[in-house]
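The next block holds one structure in the form of structure tokens; read it before the comments.
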Amino acid sequence: MGQSTNGQICFGVLFEEETSMPWDDGDFDGDWEKWQAEVRGFRHKLEDPYDEHGEYKPGFDHDDPRVDAWMKEESDWKNENPAPFEVVNVCSGEHPIYVIAVPSTCQTASRGTPVEIFPDKLKFSEIELVNFRAFVGDFFPHANPEAKWYLSSYWG
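Numbering-wise (the numbering used here), the sequence shown opens with residue 3 and increments by one.
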């Protein structure tokens with residue numbers, strides 16, 4: 003598998019290198035989407051078909067309709083409750099530096115695929131900013147609360 007270098011732009015809060023993120027610990031294993039869903043109240047109503055190693059529990063397999071239903075339950079919740087932030091790695095996979103960003107502001111251009119940027123699209127609603135600032139304030143109280151525009155690269 004080769005390396006990819008991407009260009010990125012987003013509006014958010016930059017964290018220092020080696021900042022410990024809340025999804026790095028415990029059951030989340032670096033999965034910020036799983037973490038944010040849990041802290042925002044998502045709980046599966048259906049039985050989890052996976053064990054602690056990510057393997058199917060006894061009685062479940064790939065073709066079991068309960069697996070699809072379990073995954074759909076989470077997907078539906080995420081569609082109805084979009085995250086108030088997105089995580090943007092502005093360095094590399096091995097040495098991440100994160101921007102916690104307003105989701106609608108994130109744009110990425112993969113190596114070799116230019117993306118046209120329309121300056122009038124680099125806007126977000128007041129409610130997005132209010133929700134974003136509230137979330138950052140609640141879960142990252144030691145962060146510099148001043149969000150800024152960042153143009154960055156990602157190597158991974």
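Glycine included, C-beta positions come from ideal geometry on N, C-alpha and C.
Here the structure is a predicted model, which means the values were calculated and not measured.
Here the alpha carbon of residue 114 sits roughly 13 Å from the alpha carbon of residue 10.
With fewer than 16 other Cβ atoms inside 10 Å of its own Cβ, residue 5 counts as exposed.
Taken atom to atom, the span from the alpha-carbon of residue 53 to that of residue 96 is near 27 Å.
A residue is called buried once 16 or more other Cβ atoms fall within 10 Å of its Cβ, and residue 82, having fewer, is exposed. Residue 38 sits in a helix when the DSSP states are folded into three classes. Here residue 61 is exposed: its Cβ has fewer than 16 other Cβ atoms, across all protein chains shown, within 10 Å.
The count of Cβ pairs closer than 8 Å, one atom from the region 17 to 30 and one from the region 118 to 134, stays below three, leaving the stretches out of contact. For the options 69, 55 and 98, the alpha carbon positioned closest to that of residue 20 is the one of 98. Distance from the Cα of residue 40 is smallest, within the candidate group 141, 56 and 147, for 141.
Burial state of residue 104 is buried, judged by a 10 Å Cβ sphere holding 16 or more other Cβ atoms. Taking 3 residues as the minimum length, the beta strand (DSSP E) runs contained wholly in the region 84 to 142 are 88 to 91, 100 to 103 and 109 to 111, in order along the chain.
Between the beta-carbon of residue 151 and that of residue 44 there is about 30 Å, and that puts the pair past the 8 Å contact cut.
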